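Visitor: Chains as they are written, first to last, in my numbering: chain A, 1 to 232; chain B, 233 to 464; chain C, 465 to 696; chain D, 697 to 928.
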């Protein structure tokens, strides 16, 4: 059963966020999508991680309508659904309030790429969304959070930079599956922490050059990757 | 027995402060109030947390006079009592020297609301008390600590912003019961830490707008709350 | 046997430094003094904490001459001995390279008293020694480290401010016995960390006033102390 | 078997990096060299530390050609090999992305020696390499990383300052054997962290004087060392 496996993957991705120290209290949620079935599996709202079981996860369609599950889905579901509809290549999403990434979001600053750690995972700076307008907040707030994220990626490949900072809120990360989304949320926090230290040491620090950025990202991604053990 | 249950709640709230890393040495205390009985239950002074039992807690009236208990109450009791008398809606109080909140108190700066994490718990910036005068310090110091806190909330609802920074001292937080007070002390520290990082990344960071602040606070509090599982 | 008990106290004080995260690698040592016997008990040099036994500790006279023990004493022994000779009220000394206190020492800045946490333990700012001269370094370096500390306390009561920062080196703390010395080293690090955060939040932060400083220090020390449980 | 022992040492050095919190995800690798045999033992690429066995390590010649081992060696092998060829006194190398050292590398700043903790291990500031040129990056990138490190040590003894920061990348450390390399990577991170705090407390902090620097380094290294227990 594909959906049963996805439930387990989504549960593990939620627990990965906790194990890596990215979740403050209940501020965090991960989801996954079954593209063929057009179904999203997401964390229920406000349920403690330590007691969560695969059956507690909520299954919805791509417009956030519950298909299976007795619990209310995460209140951020409309954001996840908007991203799944707009970014067809992504298979999982992770949202946290991890503290350094959130600080950059609160400071309303994109995270520059200062080093190869960042470049290994993100092919460019981490973009910052527009500050949401009153109309966007007063309307379908969570869906509009998706709208401002999608707008921030206009003309960009969301798989090349699989994370974003929502202004005055915090980070969303994604990936090919829920595990990759949780891993990208983790690496985003590490990049955010080291970028914080970098500007503290040198207020005029500059981003690394394009050649080095390309070299590191493409060492791990795409046809010419040569990092890790060969998959064949 | 309502009081027996309150003893357990107050003990757990004190331990919550320790488990969440908010207490340095013995700098921390939580209390609860039984409104009908007019009784306060509070941590004894300078007793190690790991050995504390419900029976070690001290029971006093709302003016801090001991009613039950062989040990001396926390030396901050007169502050707690003043707050219970002035703020009828609160059921528990937590005082810590958690390091980031204390740093803001020592810096004599209120904590601006830079993001939704803060807005989810506190409907405004965390206020800073006046610096206490020599007369206030030389007089009933701990009771006067209550006085300056109450003055900082003149015209404000203490349940909308359930925490304060006492200048050159540290934070007090409160809530509907001792557990909520301890949770608010925890979220205050998280907000203080992320606000610290925010101004370090951007010295000109601005608070989030009123519309977003309202949206987040009211998503979790009041009649239109829609976060978490329905209680009914 | 008084000396046997002192050996145990000194071993525990050394382990306290490790348990509280104040020791980097082997950078740390605690000692105690038996005043009547005129003997110092101190940690051996470069021995791992986890394997240290009371019998491994080295016993010396007040001039650092070994009286008992097969191992070489800590290379900082001449500093300890100088302090025991100059400060008759102290019974224990703890030296660490705890990171925030060391940062202040490296920055060549005394630690201002910004709040009541500091004031509860130290009745004034934490002094900084003079930068040592080439002659002081090329001569009896460790003994001269004691000399510059003693000079920094000229006209001051070392029990009122039981810690110091040695410029470009790190902190020494002391107290009535080895346990108190280790506790003061711990509280010094906490004060150093919060002072660091305070100046980062507000570069113009000012020290707390004398009245509040006195109130807190004297609440815990001296004839009118009223914190904790009565000793009688 | 010398090589069997070296495999164990290299495995332990890799685990030391993890135990000391210097490794983010799989960003870290340690190696050792058997000088007589002209063989390098190095971590395989992208293999989880917790499952690594001595037999998983890869053995290569000094030009990075695999001699034993079924797995692909760490992609940083050409950097290690270049250093072993250029620095005949070193017996082990450790590479991490430890966060404070990486921040200095990203900030393109050498780490000044502000205190005796640094001076005990490194006889001078930690040098920063040149920013690599596009040709160096597009060519044999990992081997050229070795080239810029070697260039940074022109006229210097690599055993006197056993670490370097590769600009926009991170630290490499080395030593007489793999354990010493891992220890130096650890002390480098500590020095980087305390140097960060030092400049944050005092933007105009100055390095410690040459006499004190010499005294501390030579207290632990060379013919006149007197720290620790005598080896004879």
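Glycine residues also receive a C-beta, built at the ideal position from the N, C-alpha and C atoms.
Fair warning: this is a prediction, and the values are worked out from it, not measured in the lab.
Are the C-beta of residue 800 of chain D and some C-beta of chain C separated by less than 9 Å?
Guide: Working through the fourth chain from its first residue, we reach residue 800 of chain D at position 104. Taking 9 Å as the threshold, the shortest C-beta distance from residue 800 of chain D to chain C does not fall below it.
Visitor: Under 8 Å, CB to CB, which of the residues in the segment 105–122 of chain A have a partner in chain B?
Guide: 105, 106, 107, 108 and 109
Visitor: Report buried or exposed for residue 525 of chain C, applying the criterion of at least 16 other Cβ atoms within 10 angstroms of its Cβ.
Guide: Your numbering for residue 525 of chain C matches position 61 in the third chain. Burial check for residue 525 of chain C: the Cβ neighbour count within 10 Å stays below 16, so the residue is exposed.
Visitor: Whole-angstrom Cβ separation of residue 137 of chain A and residue 84 of chain A, contact assumed at under 8 Å?
Guide: Position 137 of the first chain, counted from the start, is the residue given in the question as residue 137 of chain A. Position 84 of the first chain, counted from the start, is the residue given in the question as residue 84 of chain A. About 22 Å separates the two Cβ atoms, so there is no contact after all.
Visitor: Just by C-beta distance, which residues in the segment 271–302 of chain B are closer than 8 Å to chain C?
Guide: 276, 277, 278 and 279
Visitor: On the CB-based measure, 16 or more other CB atoms within 10 Å of its CB, does residue 507 of chain C come out buried or exposed?
Guide: Counting from one through the third chain, the residue named residue 507 of chain C turns up at place 43. Buried, because 16 or more other Cβ atoms sit within 10 Å of the Cβ of residue 507 of chain C.
Visitor: Would you mind telling me which residues of chain B sit closer than 8 Å to residue 662 of chain C, beta carbon to beta carbon, in chain order?
Guide: Here residue 662 of chain C refers to the residue found at position 198 of the third chain. Result: 335, 338 and 339.
Visitor: In angstroms, rounded to a whole number, what distance separates the CA positions of residue 783 of chain D and residue 513 of chain C?
Guide: The residue given as residue 783 of chain D occupies position 87 in the fourth chain. The residue given as residue 513 of chain C occupies position 49 in the third chain. In this model, residue 783 of chain D and residue 513 of chain C are separated by some 34 Å (Cα to Cα).
Visitor: Tell me the residue span of the beta strand (DSSP E) that contains residue 181 of chain A.
Guide: Taking the first chain and counting its residues from 1, one reaches residue 181 of chain A at position 181. From DSSP, residue 181 of chain A is part of no beta strand (DSSP E) but of the alpha helix (DSSP H) over 178–201.
Visitor: For the segment 655–679 of chain C, which residues have a beta carbon sitting closer than 7 Å to at least one beta carbon of chain B?
Guide: 657, 658, 661, 662, 664, 665, 666, 669, 672, 675, 676 and 679
Visitor: So, does the CB of residue 400 of chain B fall closer than 9 Å to a CB anywhere in chain C?
Guide: Here residue 400 of chain B is taken as the residue at index 168 of the second chain, counted from 1. Closer than 9 Å: yes.
Visitor: Sort C:634, C:580, C:527 and C:607 by Cα distance to residue 812 of chain D and report the nearest one.
Guide: Numbered from its first residue, the fourth chain carries residue 812 of chain D at position 116. Answer by Cα proximity: C:634.
Visitor: Residue 708 of chain D CB to nearest chain C CB: under 9 Å?
Guide: By 1-based counting over the fourth chain, the position of residue 708 of chain D is 12. Not an interface residue.
Visitor: Would residue 879 of chain D count as contacting chain E if we go by Cβ distances under 9 Å?
Guide: Structure shown: chain E not included; protein chains present are A, B, C and D.
Visitor: 9 Å is my cut-off, CB to CB: does residue 720 of chain D come that close to chain A?
Guide: Mapped onto the fourth chain, residue 720 of chain D falls at position 24. Interface residue, yes.
Visitor: When we look at the beta-carbon of residue 599 of chain C and count the other beta-carbons within 10 Å, is it buried (16 or more) or exposed?
Guide: Mapped onto the third chain, residue 599 of chain C falls at position 135. Under this definition residue 599 of chain C is an exposed residue.
Visitor: Select from the segment 363–380 of chain B all residues with a C-beta closer than 7 Å to any C-beta belonging to chain C, and list them in chain order.
Guide: 364, 366, 369, 370 and 373
Visitor: Report yes or no: do three or more beta-carbon pairs, one from the segment 616–632 of chain C and one from the segment 583–592 of chain C, lie closer than 8 Å?
Guide: The segment 616–632 of chain C, when compared against the segment 583–592 of chain C, does touch it at the 8 Å Cβ threshold.
Visitor: List, in order along the chain, the chain A residues whose C-beta lies closer than 9 Å to that of residue 776 of chain D?
Guide: Translated into the one-based positions of the fourth chain, residue 776 of chain D becomes position 80. The contacting residues do not exist; residue 776 of chain D stays about 16 Å from chain A at best.
Visitor: Under 8 Å: do the segment 470–486 of chain C and the segment 625–633 of chain C share three or more Cβ pairs, one atom per stretch?
Guide: no
Visitor: Cutting at 7 Å between CB atoms, please list the residues of its own chain near residue 662 of chain C, excluding the five before and the five after it.
Guide: Taking the third chain and counting its residues from 1, one reaches residue 662 of chain C at position 198. Excluding sequence neighbours, residue 662 of chain C sits near 578 and 669.
Visitor: Can you give me the C-alpha to C-alpha distance between residue 408 of chain B and residue 489 of chain C, rounded to a whole angstrom?
Guide: The residue given as residue 408 of chain B occupies position 176 in the second chain. The residue given as residue 489 of chain C occupies position 25 in the third chain. Taking the straight line from one Cα to the other gives about 46 Å.
Visitor: Give the straight-line distance between the Cα atoms of residue 637 of chain C and residue 53 of chain A, rounded to the nearest whole angstrom.
Guide: Within the third chain, the letter at position 173 stands for residue 637 of chain C. Within the first chain, the letter at position 53 stands for residue 53 of chain A. Whole-angstrom Cα-Cα distance: 51 Å.
Visitor: Please report whether the beta-carbon of residue 795 of chain D lies at a distance below 9 Å from any beta-carbon of chain A.
Guide: Working through the fourth chain from its first residue, we reach residue 795 of chain D at position 99. Chain A, which has a Cβ nearer than 9 Å to the Cβ of residue 795 of chain D, makes this yes.
Visitor: Who are the near neighbours of residue 75 of chain A in its chain, counting only those whose CB is closer than 8 Å to its CB and skipping five residues on each side?
Guide: For this step, residue 75 of chain A is matched to residue 75 along the first chain. The answer, listed in chain order, is 45 and 142.
Visitor: If you draw a straight line from the C-alpha of residue 104 of chain A to the C-alpha of residue 110 of chain A, how long is it?
Guide: Your numbering for residue 104 of chain A matches position 104 in the first chain. Your numbering for residue 110 of chain A matches position 110 in the first chain. Roughly 7 Å separates the two Cα atoms.
Visitor: So, is the C-beta of residue 259 of chain B closer than 9 Å to a C-beta in chain C?
Guide: Reading the second chain from its first residue, position 27 is the one you call residue 259 of chain B. Closer than 9 Å to some Cβ of chain C, the Cβ of residue 259 of chain B qualifies, so yes.
Visitor: Residue 19 of chain A CB to nearest chain D CB: under 9 Å?
Guide: Position 19 of the first chain, counted from the start, is the residue given in the question as residue 19 of chain A. No, residue 19 of chain A lies away from the interface with chain D (no Cβ there is under 9 Å from its Cβ).
Visitor: In or out: residue 388 of chain B buried (at least 16 other Cβ within 10 Å) or exposed?
Guide: As a position in the second chain, residue 388 of chain B is number 156, starting the count at 1. Under this definition residue 388 of chain B is an exposed residue.
Visitor: Counting along the chain, where does the alpha helix (DSSP H) carrying residue 73 of chain A start and finish?
Guide: One-based indexing of the first chain puts residue 73 of chain A at position 73. Looking at the DSSP string, residue 73 of chain A is not in any alpha helix (DSSP H), and its letter there is neither H nor E.
Visitor: To the nearest angstrom, how far is the alpha carbon of residue 585 of chain C from that of residue 681 of chain C?
Guide: As a first step, residue 585 of chain C is located in the third chain; it is residue number 121 there, counting from the start. As a first step, residue 681 of chain C is located in the third chain; it is residue number 217 there, counting from the start. Between the alpha carbons of residue 585 of chain C and residue 681 of chain C lies a gap of roughly 6 Å.
Visitor: In this structure, how does DSSP classify residue 66 of chain A when only helix, strand and coil are distinguished?
Guide: Your numbering for residue 66 of chain A matches position 66 in the first chain. Strand.
Visitor: Using 8 Å for Cβ pairs, my map puts residue 718 of chain D next to residue 792 of chain D. What's the rounded Cβ distance?
Guide: Looking up residue 718 of chain D in the fourth chain gives position 22. Looking up residue 792 of chain D in the fourth chain gives position 96. Right, their Cβ atoms sit about 4 Å apart.
Visitor: With the cut-off set at 9 Å, would you say residue 672 of chain C and residue 534 of chain C are in Cβ contact?
Guide: For the purposes of this step, residue 672 of chain C is taken as residue 208 along the third chain, with counting starting at 1. For the purposes of this step, residue 534 of chain C is taken as residue 70 along the third chain, with counting starting at 1. Result no, Cβ atoms of residue 672 of chain C and residue 534 of chain C do not sit closer than 9 Å.
Visitor: Verify the CB distance criterion: does residue 623 of chain C have a CB-CB separation below 9 Å to chain B?
Guide: The residue given as residue 623 of chain C occupies position 159 in the third chain. Chain B contact via Cβ: absent.
Visitor: What are the boundary residues of the alpha helix (DSSP H) that includes residue 710 of chain D?
Guide: Against the fourth chain, residue 710 of chain D aligns to sequence position 14. From DSSP, the alpha helix (DSSP H) with residue 710 of chain D extends over 698–715.
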